[in-house]
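In the order they appear, the protein sequences are chains A and B. Take 71 as the starting number for the first sequence in the numbering used here and just add one per residue. Take 71 as the starting number for the second sequence in the numbering used here and just add one per residue. Only one structure is covered here, and it is reproduced in the block below.
Number of protein chains: 2
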Amino acid sequence: MQCSQDCLRAKDGNIYINYDLLKMHKQLILLLIGCLFSGFLYAQDWVPLFNGKNLKGWKKLSGKAEYQVKDGIITGISKTGTPNTFLVTEKEYDDFILEFEFKVDNGFNSGVQFRSQSLKEYNNGIVHGYQFEIDPSDKRLSGGVYDEARRGWLYHPLTANPDGKPAFENEVWNKARIEAIGNSIRTWINGVPCSNLWDDMTPKGFIALQVHSIGNDKAHEGKTVSWKNIRICTTNVAQFQTDVNIPEINCIANSLSSAEDKDGWALLWDGKTTDGWRGAKINTFPAKGWVIENGLLKVKKDSGGESANGGDIVTTKKYKNFILKFDFKITEGANSGVKYFVNTDLNQGEGSAIGCEFQILDDNKHPDAKLGVKGNRTVGSLYDLIPAIASKKFNIKEFNTGMIVVKDNKVEHWLNGVKVVEYERNNQMWNALVAYSKFKNWDNFGNAAEGHLLLQDHGDEVWFKNLKIKEL
Amino acid sequence: MQCSQDCLRAKDGNIYINYDLLKMHKQLILLLIGCLFSGFLYAQDWVPLFNGKNLKGWKKLSGKAEYQVKDGIITGISKTGTPNTFLVTEKEYDDFILEFEFKVDNGFNSGVQFRSQSLKEYNNGIVHGYQFEIDPSDKRLSGGVYDEARRGWLYHPLTANPDGKPAFENEVWNKARIEAIGNSIRTWINGVPCSNLWDDMTPKGFIALQVHSIGNDKAHEGKTVSWKNIRICTTNVAQFQTDVNIPEINCIANSLSSAEDKDGWALLWDGKTTDGWRGAKINTFPAKGWVIENGLLKVKKDSGGESANGGDIVTTKKYKNFILKFDFKITEGANSGVKYFVNTDLNQGEGSAIGCEFQILDDNKHPDAKLGVKGNRTVGSLYDLIPAIASKKFNIKEFNTGMIVVKDNKVEHWLNGVKVVEYERNNQMWNALVAYSKFKNWDNFGNAAEGHLLLQDHGDEVWFKNLKIKEL
């Protein structure tokens, strides 16, 4: 290119346009305009929550621990004989991105509340709600989300996201980030994602700096936790939401988070109606034996017999390759189960419909646990065929999460995040195993390409919720 | 290079040598000498067996069919009322490569004998020995090796090498090649390898053109088979031996062919001694119950009890990953077995040693076939665990070939060339299956990394031979 101007006034007095150069400059101009607009649209508005000099905008709640301000730092100091103390923002916040730095003495515990509340009608004004955990102990729970004075752990770093554990460093300043946007709550420490929660219990509340109670432990008196550079963004926060690759915990019963929805999950039960379900041996939902209440699908207590009351229920649809998740809670001595590859045309007589069963049982109190062979009728087992591993985890007092993964002939049972059964069907060894079991007289048992999903009525009180499926 | 001569007589009268050119020419000269020598060493000496004019060098044996010579072609013509007729070379041949062309009428059958004999002491002079099969029928057995008037099929194209079947073409001239070099006998039709045999029964004999008997079937009278361009090479034949990729059949009992040897196979039993074997529960070979005779390892008939006479025998060595081949023949109602992953330290009491068992049984006459579950105690099955497939092939009157393939946790049973059992051990499904079987009380049954190989004494007469192993 030999010219250096877009237009030239030539010797003849006319203006000649160099179109090549113009085209090049046009692109540059468009780029500049683009930058300008995006800057205008996306510049993040940060507002300091702490003025660096005093506690203007904050108030103390609940306890008697002291907060000092010095050199742009708020320091909370532990004190015996007082419950948890909170330094609380006077303002409330709903959707926000919060950043702050914190440093904590070894052996102490603290946290930062958000969307939290103190209401006379709730436990006489106790500060409660989401807490960004600060924990310098060997457990390294910092960055987890704890529901203070309410539901306890919502996102426990050890079980939900062990990868986030090393993020926190002892004895130095750590940088925290909390994104609370709609139902999505995410946390980071020093740039490492720690929690990824989906919850809607309290959409709005104050932010508060906790000085944890030390009871009457004199040895811990004077331990400190410090904060600085506390800033919040409350405008256009959705635009600044950060994607994460860590597991999400959805605390909203019978719902799909936006991530689950995007990932192809579907609700197998809507939490309210009988839509999508019918009795295994009838075309309608059973008139008795099953109750829907408070977002739970309940098998009613009866005689403890197999399909003797309302009978099993099945999905109206059949499923082939899928991940099925379900939360279940049982009563003492209860028996139930989740079946798959169910063919409702088989066994029109008494008893349960025919299919592979993720066994649900109180291993300690129900006699079936001792029957079968080497534990193949215990909770999580492939009923009467393959025992769940001995190191499985089950809590009879709480909801447990079951998961069944089917990829063609490969099947897995998971119980509370642990793979407890793994097998491959449609082969000689599978058929040989079935031949020994109580299913030996059902032709080609377990080898169907697809089938209904089933919840078993075994006449014991059992609750289900969060029935979700992802078809593969 | 600008010069064109190696040496130049220069103007000064001296001779100057161009060393570059000389070097180049030297290589050329060496190449020429090489070709000359290799030609001298490797040029193949072909001798015609048929002079194209008359049957000089040939004589007729056995039957009365006619052979005519015309236009360089020998034509044999079928005739009723005569047995097989053979046009036999006067000379005998041991190691050779034979080539000829042949053409046969549809619906007829013929063959070319080699290393064959007619001896007064053998069946009153009947022509017997190796025959290159000529078969234009739909079975397409041409190119197979049949042991005429002696052992029958040695290399049956249908079972041993179906890929060779399409080589032969009806109604046209086909080109045949036979390589009989040492124990190796190989055949081709139109360049396609058909047979690959290892045998040593008759190392030398005549070559003969067969006109097959047609009995008294007038309809087949006058059918013809023709040969031309019959030539043989008998010098330096080993140098001209052709490699083939088709399966080899080794007919020499308890031997390794050179191909097997090269492929890593070893004899597990030498055919004569007890070397490499001991009693499962003793350090020596059992004093009774087992007999070695005529290249066979025999379990003696006793009460039919398990390890009640001589007891099981095991290899002194342990094996981990391997292909084990064994030929076995049973008597009516007999029971025996071949076990692997055997731990001889277990079960020092009564009964058989503990390991996975390739079951050997007369399914029709032994009661155990009806016991167990869905056929898991029948011949070829993984005893009491996995039934052999229903389409298995077994011949109670002949030797059958068993094969066990172990690659870490993957195991296969083969019976007469058919895979009858396939499984994977060391996993939940395997352990669940074992838990149902009679092995449930042996800890970790079948999961050992290695073990002895075992031949079972079940008190019934059973023969073994050709025990060969290839470690993987």
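We put the CB at the ideal spot given by N, CA and C, even for glycine. Since this is a predicted model, take the numbers as computed values, not measurements.
Cβ of residue i within 8 Å of any chain A Cβ
| i | result |
| --- | --- |
| residue 444 of chain B | yes |
| residue 492 of chain B | yes |
| residue 500 of chain B | yes |
| residue 503 of chain B | yes |
| residue 485 of chain B | no |
| residue 456 of chain B | yes |
| residue 105 of chain B | Its pLDDT being 47, under 50, residue 105 of chain B is placed unreliably in this model, and the value from its coordinates should be taken loosely. Not one chain A Cβ lies under 8 Å of residue 105 of chain B. |
Exposure label - residue i; buried when at least 16 CB within 10 Å
| i | result |
| --- | --- |
| residue 549 of chain A | Here chain A has residues from 71 to 542 only, and residue 549 of chain A is not among them. |
| residue 519 of chain A | exposed |
| residue 404 of chain B | buried |
| residue 418 of chain B | exposed |
| residue 135 of chain A | buried |
| residue 249 of chain B | buried |
| residue 354 of chain B | exposed |
| residue 425 of chain B | buried |
| residue 239 of chain B | exposed |
| residue 357 of chain A | exposed |
| residue 306 of chain B | exposed |
| residue 328 of chain A | exposed |
| residue 232 of chain B | exposed |
| residue 207 of chain B | exposed |
| residue 338 of chain B | buried |
| residue 105 of chain A | At residue 105 of chain A, the pLDDT of 47 sits below 50, so the modelled position is not reliable; the number obtained from the coordinates is stated separately. Looking at its Cβ environment, which holds fewer than 16 other Cβ atoms inside 10 Å, residue 105 of chain A is exposed. |
| residue 414 of chain B | buried |
| residue 110 of chain B | Low confidence applies here, because residue 110 of chain B scores a pLDDT of 48, under 50, leaving its location unreliable and the question unanswered by this model. |
Residue-level contact to chain B via CB, residue i, 8 Å cutoff
| i | result |
| --- | --- |
| residue 75 of chain A | For residue 75 of chain A, the pLDDT reaches just 44, beneath the cut-off of 50, and the residue's location in the model is therefore unreliable, although a value from the coordinates is still provided. Chain B contact via Cβ: absent. |
| residue 506 of chain A | yes |
| residue 206 of chain A | no |
| residue 109 of chain A | Note that residue 109 of chain A has pLDDT 46, beneath the 50 cutoff, so the model's placement of it is unreliable and the number below is only indicative. No, residue 109 of chain A does not count as interfacial toward chain B. |
Own chain residues within Cβ distance below 6 Å of residue i, not counting five before or after
| i | result |
| --- | --- |
| residue 394 of chain A | 474, 539 |
| residue 427 of chain B | 407, 409, 453 |
| residue 216 of chain A | 201, 203, 223 |
| residue 293 of chain B | 148, 175, 178 |
| residue 243 of chain A | 171, 173 |
| residue 467 of chain A | none |
| residue 220 of chain B | 198 |
| residue 228 of chain B | none |
| residue 565 of chain B | Nothing about residue 565 of chain B can be read from this structure; chain B reaches only from 71 to 542. |
| residue 533 of chain B | 366, 368, 399 |
C-beta neighbour in chain D for residue i, strict 8 Å
| i | result |
| --- | --- |
| residue 482 of chain A | No chain D appears in this structure, whose protein chains are A and B. |
Spatial neighbours of residue i in its chain, beta-carbon cut-off 7 Å, leaving aside the 5 residues before and after
| i | result |
| --- | --- |
| residue 448 of chain B | 429, 431, 433, 439, 457, 458 |
| residue 251 of chain A | 165, 307, 308, 311 |
| residue 496 of chain A | 479, 517 |
| residue 391 of chain A | 476, 477, 478, 541, 542 |
8 Å Cβ shell around residue i - same chain, five flanking residues per side excluded
| i | result |
| --- | --- |
| residue 490 of chain A | 450, 451, 458, 459, 462, 483, 484 |
| residue 192 of chain A | 198 |
| residue 349 of chain B | 355, 356, 380, 381, 382, 383, 384 |
| residue 502 of chain B | none |
| Segments assigned beta strand (DSSP E), at least 3 residues, entirely inside the region 136–189 of chain A | Every beta strand (DSSP E) of 3 residues or more that sits fully in the region 136–189 of chain A is shown, in chain order, as 136–140, 143–147, 155–159, 166–174, 180–188.
| request: Output the residue ranges of the beta strand (DSSP E) runs that lie fully inside the region 313–349 of chain A and measure 3 residues or longer, sorted by chain position. | output: Taking only runs of at least 3 residues, the beta strand (DSSP E) segments lying wholly in the region 313–349 of chain A are 335–337, 347–349.
| query | In chain order, which continuous runs of the alpha helix (DSSP H) of length 4 or greater are located wholly inside the region 253–325 of chain B? | reply | You should have found no qualifying run.
| task | Spell out a yes or no on whether the region 264–271 of chain A and the region 314–322 of chain A are touching, meaning 3 or more CB-CB pairs, one atom from each, closer than 8 Å. | result | At 8 Å Cβ cutoff, the stretches touch.
| Taking three-plus beta-carbon pairs below 8 Å as touching, is the region 335–349 of chain B in contact with the region 269–283 of chain B? | These segments do not touch.
| query | Should the region 115–128 of chain B be regarded as contacting the region 249–262 of chain B, the criterion being three or more beta carbon pairs within less than 8 Å? | reply | Contact between the region 115–128 of chain B and the region 249–262 of chain B is absent, because fewer than three Cβ pairs lie under 8 Å.
| query | Hey, which unbroken runs of the alpha helix (DSSP H) at 4 residues or more fall wholly within the region 185–222 of chain B? | reply | Counting only runs of 4 or more, we get nothing.
| message | Could you tell me which whole beta strand (DSSP E) segments of length 3 or greater appear in the region 344–391 of chain A? | response | Listed in chain order, they are 347–349, 360–363, 366–369, 383–385.
| field | Entirely enclosed alpha helix (DSSP H) segments - the region 393–477 of chain B, minimum 4 residues | value | Entirely contained in the region 393–477 of chain B, not one alpha helix (DSSP H) run reaches 4 residues.
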